[in-house]
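Heads up, the thing below is written out as structure tokens.
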Amino acid sequence: MRCLQLLILALLVPANVSLVNPRQVALKVLSSPKKTNVNVDFLSELKTPSDRNLCTNLIQTANRRSGQIDAIIDRYAEKRPKKLVLAGLKLGITQIHFLSTPPHAAIHETLEALKTFKEISKPQINFVNAVLRAADRGKEGEGEVLGNDVLNLSDFIAGSIESDWGAEVLENVARVYSRHSGGVSLTCRDSVEDFSKELSKREVEHVVGDLGSIYVKNPGSIKRLPGFESGLFWVQDASAALPAIILRNGISQISQNTETPPFVIDVCSAPGGKAMQMGSWGWDVEGVELVEKRAKRMCENIERCKLEKNVKVVVADASQHNFERPPVGFLLDAPCSATGTGRKNVDVMRRQNGAQMEAELIETTKSIWSNCLTWGAKVAVFSTCSLSEAEGEKQVNWILGKGEVRIDMIKEEEVPGFADSIDVRGCLRVFPDDTSPGGRDGFFICRFIFE
């Protein structure tokens, strides 16, 4: 009988209307082992863009506000439930406390979504109802929790940032990471102006950000954006686009040959945004990537963007690989803890212990840099998307200690919109931000000239 009812419903409901609602899917994701990621398979159950956007917002907000939400649950629940029941509490509190959903609607819709799961009992529904109503009544007294974004960071991440940069930077990073922007930054293969006009013609809401990055506010599926199939753009944060630009400026200062495209090496190259940037300028680029699977995906993106004539990829260990000809320059975007990327990688916020991993990555980077010195380059850019001094500024100290290079100071006119991020040595220390167009990830960049 149940199957017959579902069949009749499927025939009556239009093809573009979901048979499940966003809160059901959100509960599935939030109760799954890998709940920090918005599962594409789950989202495919939702037929309309508005349903998918709502579901994504619910999941992202619940995950980004997890520390604050846990504190509220612990205050009103006598015991901490598991899986679906806990997901129901998180979903309800997310809506009531962080998404300005009317409390009655938030509680009702959450309970109705929970009831669709056969493993949920009546007492469990009553428990969720009671806790959510208590949390709503006590909302006015939750100012200390609601105003403390640092709760959403693990003790390890918060302690590391505060130790290196102080409480003010920590609070700002926590604020940025706790918010779900929903947008994406793109780098254009050709004219930024022309691509912006095309987006406007298609009524795609966007802004042109720092140094030509384009921020699309509600992209939906990236593959559905105009120009994807023809390779007019790739996804790349505004900060991540800086190292290649800074290398270009350094090479232009020392190169007298303006006719022959410079040969450059992009080290630890995947996902390939920087290599494609340089390839789009007509440069001769070789990307070195250790992981074959990542290199394959990078090659697919290069082919989509029609840059295979300019960008080649070699699968190799950059700490050992050598080249038959010397490059004019190389760019090492070092393997790192990626703590500057919390705007798009929610997992970064809750990392419990990364000290050992960070130490290993630092040693790996040193090994790679030592081999890079044998290539005969004239200019080099070292970058990392970590907020750690040990992976950034202190690595520069080690590099200078090895000799052969000196810092080539980055100038304000090279990086409009980022001038305030230049430190006393002429390196760039960018902190995560959501006030500039499209926001930006945390990054550290230093340029060197070989002596």
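Residues -18 to -1, 1 to 433 (mature numbering (1 follows the signal peptide of the UniProt record, and there is no 0)) are what the sequence shown spells out, left to right. Just so you know, even glycine gets a beta-carbon here, dropped at the ideal spot from N, CA and C.
Taking C-beta atoms as the reference points, GLY164 and ASN134 fail to come closer than 8 Å. With a contact defined as Cβ atoms closer than 8 Å, LYS72 and ALA44 qualify at about 5 Å. For the pair of segments examined, the segment 269 to 276 was found to touch the segment 248 to 256: the number of CB pairs separated by less than 8 Å reaches three.
Taking ILE247 as the centre and dropping the five residues before and after it, the same chain places the C-beta of GLU268, PRO309, PHE312 closer than 6 Å to its C-beta, in chain order.
Distance between LYS291 and GLY209, taken at the CA atoms: about 20 Å. GLU211 and ALA116 have their C-alpha atoms some 51 Å from each other.
Residue ranges of uninterrupted alpha helix (DSSP H) with 4 or more members, entirely inside the segment 257 to 318 and ordered along the chain, are 274 to 286. Looking at SER319, ILE284, LYS275, the one whose alpha-carbon comes closest to that of ALA298 is LYS275. Cβ contact annotation for ARG46 (same chain, cutoff 8 Å, sequence separation greater than five): ASN134, TYR159, SER160, ARG161, HIS162, VAL328, MET331, in chain order. When C-beta atoms of the segment 130 to 146 are compared with those of the segment 359 to 379, three or more pairs fall below 8 Å, so the two segments count as touching. Among the bridge pairs identified by DSSP, PHE364 is matched with LEU314, CYS428. Excluding residues up to 5 positions away in sequence, SER301 lie with their Cβ nearer than 7 Å to the Cβ of SER349 in the same chain. Pairing ILE55 with ASN108, the inter-Cα distance amounts to about 15 Å. The beta carbon of GLY70 sits closer than 7 Å to the beta carbons of LEU9, THR92, LEU96, VAL110 from its chain, once the five residues preceding and following it are set aside; these are given in chain order.
Rounded to whole angstroms, LYS384 and MET258 show a C-alpha spacing of 31 Å. One thing to note: TRP351 has its Cβ within 8 Å of the Cβ of ILE381. Excluding sequence positions up to five before and after ASP118, its CB lies within less than 6 Å of the CB of ILE78, PRO85, all in the same chain and listed in chain order. With fewer than 16 other CB atoms across the displayed protein chains lying within 10 angstroms of its CB, ASN335 is exposed. Counting along the chain, the unbroken alpha helix (DSSP H) around LEU12 starts and ends at 4 to 12. Rounded to whole angstroms, the gap between the alpha carbons of LYS256 and GLU187 is 25 Å.
Rounded to whole angstroms, ASP176 and GLU185 show a C-alpha spacing of 14 Å. Assigned with DSSP and collapsed to three states, THR83 falls in coil, not helix or strand.
Within the same chain, LEU214 come within 7 Å of ASP172 by CB-CB distance, once the 5 residues on both sides are set aside. As DSSP reads the structure, PHE245 sits in a beta bridge with ASP266.
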